[in-house]
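Peer 1: What follows is a single structure, and I will ask about it in a moment.
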Amino acid sequence: MTAPAPAPVLRIGNASGFYGDRFDAVREMLTGGPLDVLTGDYLAELTMLILGRSRLKDPEKGYATTFLRQLEEGLGLAHERGVKIVTNAGGLNPAGLADAVRKLAAKVGVPVTVAHVEGDSLPVPDGFLTANAYLGGAGIAACLRAGADIVVTGRVTDAALVTGPAAAHFGWGPDDLDALAGAVVAGHVLECGTQATGGNYAFFGRHDVRRPGFPLAEIRADGSSVITKHTGTGGVVDIGTVTAQLLYETGGARYAGPDVTARLDTVRLTPDGPDRVRVDGVRGEAPPPTLKAGLTRLGGWRNEVVFVLTGLDVEAKARLVEGQFADALERGGGRPPAEVRWELVRTDRPDADTEEGAGALLRLTVRDQDAEAVGRAVSGAAVELALGSYPGFHVTAPPGKGAPYGVFEAIPVPAGEVEHIAVLPDGSRTPIEPPSRTQELADVDAPPLPGPYPSSGPTRRAPLGLVAGARSGDKGGDANVGVWVRDDDAWRWLAHELTVERLKELLPETADLTVVRHVLPNLRALNFTVHGLLGEGVASQARFDPQAKAVGEWLRSRWLPIPVALLDGADPVPEVTA
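Take the sequence shown: its letters are residues 2 to 579, numbered as in my numbering.
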């Protein structure tokens with residue numbers, strides 16, 4: 002008997018963009034409209050460190066416990082509606098979470114079959130806490146083909162939560178590169194939840210984004226998709242929100258993964274009705290022969306004190322407290338911390354009508370391998386200044402004893418050396434072979450730029466953000482800043498104006514760092530990779546904005562000469578002198 006043809010459209014929704022996302026999103030997605038598969042992304046670089054420390058306290062844990070609590074009511078809803086659930090909430094212990102889901106299902110009386118994917122866990126080198134390879138979606142696909150209702154994974158790529166179900170539904174194999182690449186792009190748009198529906202969006206003021214709905218993708222057999230959301234939910238899906246998420250935490254035109262390398266320079270976005278954006282044209286290439294592996298370790302200890310400087314003489318007050326603090330440490334007899342960093346943030350305004358408006362913040366951050374070096378010696382030195390320092394002395398919170406910080410490192414590992422095991426609902430174990438075709442990752446040739454925007458017209462100094470959107474994020478110690486515009490005239494200007502040199506002028510913190518610019522004409526976008534901006538990564542908390550979340554907004558706030566014709570329709574801004 003011939004198997005029935007698969008439904009022409011597979012509706013995959015997302016209910017979590019990180020560990021700690023909106024708790025009721027699972028119920029909202031299951032009850033808000035038709036859905037075939039519900040995914041949840043709970044893992045990030047920092048999350049693996051958090052789960053690693055959790056597992057040290059209880060070897061039975063190491064997974065995202067929030068997912069279990071969401072399932073208490075979501076399990077029955079998913080079963081009633083025939084929705085499959087695929088999640089990486091298994092973290093460091095996918096088998097443990099799968100068992101916990103089975104126990105929960107028995108407790109609430111919902112007959113579901115559970116499978117899991119493992120093999121991402123690697124031997125942990127000395128001095129490290131976790132080591133995990135990023136697996137692809139083939140193991141998820143095997144579990145679903147075997148009849149699983151719920152599939153739990155450990156560390157897989159975020160997009161694998163979409164490529165796996167799509168491959169299972171449409172029967173894709175490892176050679177269906179274009180289709181897989183299309184699903185990777187859809188998965189990348191969905192992975193951060195409401196960032197695709199108006200959350201963290203540069204032009205948020207034009208939409209009601211008080212409570213954005215979670216996104217979903219309607220995927221077809223050729224890998225094309227429509228990004229949308231349930232009818233009646235908040236937020237917006239348009240070309241801009243999808244472009245912003247496509248640029249988030251990516252780099253060049255080749256977006257490599259375990260299943261396929263997706264060519265971001267081939268992505269086409271077109272409107273498909275209200276809150277609907279069609280994604281098609283995506284080309285795929287063979288994946289690289291290596292997998293990304295993430296390693297986390299405890300990097301040392303850190304402490305922080307934030308002094309409030311109010312009113313006049315802010316810089317002199319800062320110099321005073323910095324000198325007093327150094328003297329107090331020296332008199333204390335111990336050695337100073339290995340790293341001492343001061344940052345003066347001028348949040349004060351002249352002639353302020355509130356005390357808070359008159360205050361600036363002086364942030365002291367210390368780091369060292371020795372907990373004692375950043376503990377009582379630092380907090381004691383800060384507290385002892387309270388009655389003998391600058392006028393108006395106070396701090397935002399009492400100094401603490403210091404806390405450990407983490408470090409994330411990424412290394413390549415040969416795909417053939419990593420186990421990838423689908424543990425099916427009946428308990429049998431199916432090894433997933435790595436792709437037989439691979440291709441070393443290499444930069445693409447720079448595409449031709451559009452003709453330059455006419456330079457003869459008048460310009461006006463204004464913030465870049467009046468004509469360009471941006472979104473930024475982190476990858477280990479590097480930051481990426483994606484910048485896009487909404488029409489061809491603005492693209493002709495942006496492509497020639499925002500060079501690496503110009504970016505370094507606008508963002509002086511990047512001046513001494515290696516910055517690489519990638520041009521994506523189909524998206525009218527530039528994507529900058531800033532190497533080393535974040536030091537040892539988010540967990541090390543080395544920077545005021547440790548995940549580079551707001552670097553794009555900083556860039557948009559910077560003033561430069563912009564053609565007046567491009568500013569038509571933008572909010573007026575005051576003239577400033579050059």
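Even for Gly, the Cβ is constructed at its ideal location relative to N, Cα and C.
Quick one: Cα of Glu576 to Cα of Ala463, how far?
Peer 2: In this predicted model, Glu576 has a pLDDT of only 48, less than 50, meaning its place in the structure is not dependable; the value taken from the coordinates is given anyway. Spanning the two alpha carbons is a distance of roughly 8 Å.
Peer 1: Since Val186 contacts Val268 with CB under 8 Å, what's their CB separation in whole angstroms?
Peer 2: Taking C-beta atoms under 8 Å as the contact rule, Val186 and Val268 qualify, at a distance of about 6 Å.
Peer 1: Determine the closest residue to Trp494 out of Leu527, Val482, Leu507, with distance taken between C-alpha atoms.
Peer 2: Selection Leu527, Val482, Leu507 evaluated against Trp494 yields Leu527 as nearest (Cα-Cα).
Peer 1: Which residues mark the beginning and the end of the beta strand (DSSP E) in which Asp281 is found?
Peer 2: Taken as a continuous stretch (DSSP letters only), the beta strand (DSSP E) holding Asp281 covers 278-281.
Peer 1: What whole-angstrom Cβ distance do Leu145 and Leu105 have, given they're in contact under 8 Å?
Peer 2: That pair is no contact at about 20 Å.
Peer 1: Does the contact criterion of 3 or more C-beta pairs under 8 Å hold for the region 417-426 versus the region 147-164?
Peer 2: yes
Peer 1: So which of Asp569, Asp369, Gly258, Tyr391 has the shortest CA-CA distance to Pro415?
Peer 2: Out of Asp569, Asp369, Gly258, Tyr391, the CA that lies nearest to the CA of Pro415 is found in Gly258.
Peer 1: My output table needs one value for Trp485: the three-state DSSP class, helix, strand or coil.
Peer 2: In this structure, Trp485 counts as strand in the three-state DSSP scheme.
Peer 1: Output yes or no for whether 7 Å exceeds the beta carbon distance between Ala469 and Val486.
Peer 2: yes
Peer 1: Name, in chain order, the residues that DSSP records as bridge partners for Leu567.
Peer 2: BP columns for Leu567 are empty, so no partner.
Peer 1: Looking at the strands, I want to know which residues DSSP matches up with Lys230.
Peer 2: Pro216
Peer 1: Tell me, to the nearest whole angstrom, how far the beta carbon of Gly376 is from that of Asn481; I am working on the premise that it is less than 8 Å.
Peer 2: 35 Å between Cβ atoms; not a contact.
Peer 1: What residue range is occupied by the uninterrupted beta strand (DSSP E) comprising Ser473?
Peer 2: 470-476 is the span of the beta strand (DSSP E), which, as asked, contains Ser473.
Peer 1: Within the continuous alpha helix (DSSP H) that includes Gly324, where are the two ends?
Peer 2: 315-332
Peer 1: Tell me where the alpha helix (DSSP H) around Ile240 begins and ends.
Peer 2: Residue range 240-248 is occupied by the alpha helix (DSSP H) that includes Ile240.
Peer 1: Could you compute how far the alpha carbon of Gln370 sits from the alpha carbon of Glu340?
Peer 2: C-alpha of Gln370 to C-alpha of Glu340: approximately 10 Å in a straight line.
Peer 1: Going by C-alpha to C-alpha distance, which of His231, Ala411, Asp479 sits closest to Leu39?
Peer 2: For Leu39, the nearest C-alpha among the options comes from His231.
Peer 1: On a Cα-Cα basis, can you pick out the residue from Leu514, Glu506, Ala182, Gly194 that is closest to Leu535?
Peer 2: Closest by C-alpha distance to Leu535, out of Leu514, Glu506, Ala182, Gly194, is Leu514.
Peer 1: Under 8 Å: do the region 285-304 and the region 200-207 share three or more Cβ pairs, one atom per stretch?
Peer 2: Touching, no, given that fewer than three Cβ pairs across the two stretches are closer than 8 Å.
Peer 1: Comparing alpha-carbon positions, which option in Thr66, Leu36, Phe129 lies nearest Gly21?
Peer 2: Thr66
Peer 1: Out of curiosity, what's the CA-to-CA distance linking Ile141 and Gly174?
Peer 2: 13 Å
Peer 1: Starting from the C-beta of Thr32, find all residues in its chain whose C-beta is less than 7 Å away, skip the five residues before and the five after it, and write them out in chain order.
Peer 2: Leu78
Peer 1: How long is the line joining the alpha carbons of Pro351 and Thr500, rounded to whole angstroms?
Peer 2: 35 Å
Peer 1: Ordered along the chain, which non-local residues of its own chain (more than five positions away) have a Cβ less than 8 Å from that of Val396?
Peer 2: Val306, Val307, Phe308, Val309, Ala383
Peer 1: With a threshold of 8 Å, are at least 3 pairs of Cβ atoms found where one atom belongs to the region 42-59 and the other to the region 89-97?
Peer 2: yes
Peer 1: Go ahead and pull the three-state DSSP assignment for Ala8.
Peer 2: coil
Peer 1: Return the chain-ordered list of same chain residues with a C-beta closer than 8 Å to the C-beta of Leu442, the five sequence neighbours on each side being excluded.
Peer 2: Non-local C-beta neighbours of Leu442 in its own chain, meaning closer than 8 Å and more than five positions away in sequence, comprise Arg255, Ala257, Thr262, Pro289, ordered along the chain.
Peer 1: On the CB-based measure, 16 or more other CB atoms within 10 Å of its CB, does Gly402 come out buried or exposed?
Peer 2: The question names Gly, but residue 402 is Lys in the sequence shown. The residue is exposed, with fewer than 16 neighbouring Cβ atoms inside 10 Å.
Peer 1: Looking at the unbroken alpha helix (DSSP H) that takes in Pro432, where does it start and where does it end?
Peer 2: Note, Pro432: premise wrong, no alpha helix (DSSP H); beta strand (DSSP E) at 430-432.
Peer 1: If we count the other Cβ atoms within 10 Å of its Cβ and call it buried at 16 or more, is Pro432 buried or exposed?
Peer 2: exposed
Peer 1: Pick helix, strand or coil for Arg28, following the three-state DSSP scheme.
Peer 2: helix
Peer 1: Check this for me: beta carbons of Gly474 and Glu250, under 7 Å apart or not?
Peer 2: yes
Peer 1: May I ask you to report which of helix, strand or coil DSSP gives Ser380?
Peer 2: Three-state DSSP puts Ser380 in a helix.
Peer 1: Flag this pair as touching only if the region 152-166 and the region 123-130 have three or more C-beta atom pairs under 8 Å; answer yes or no.
Peer 2: no
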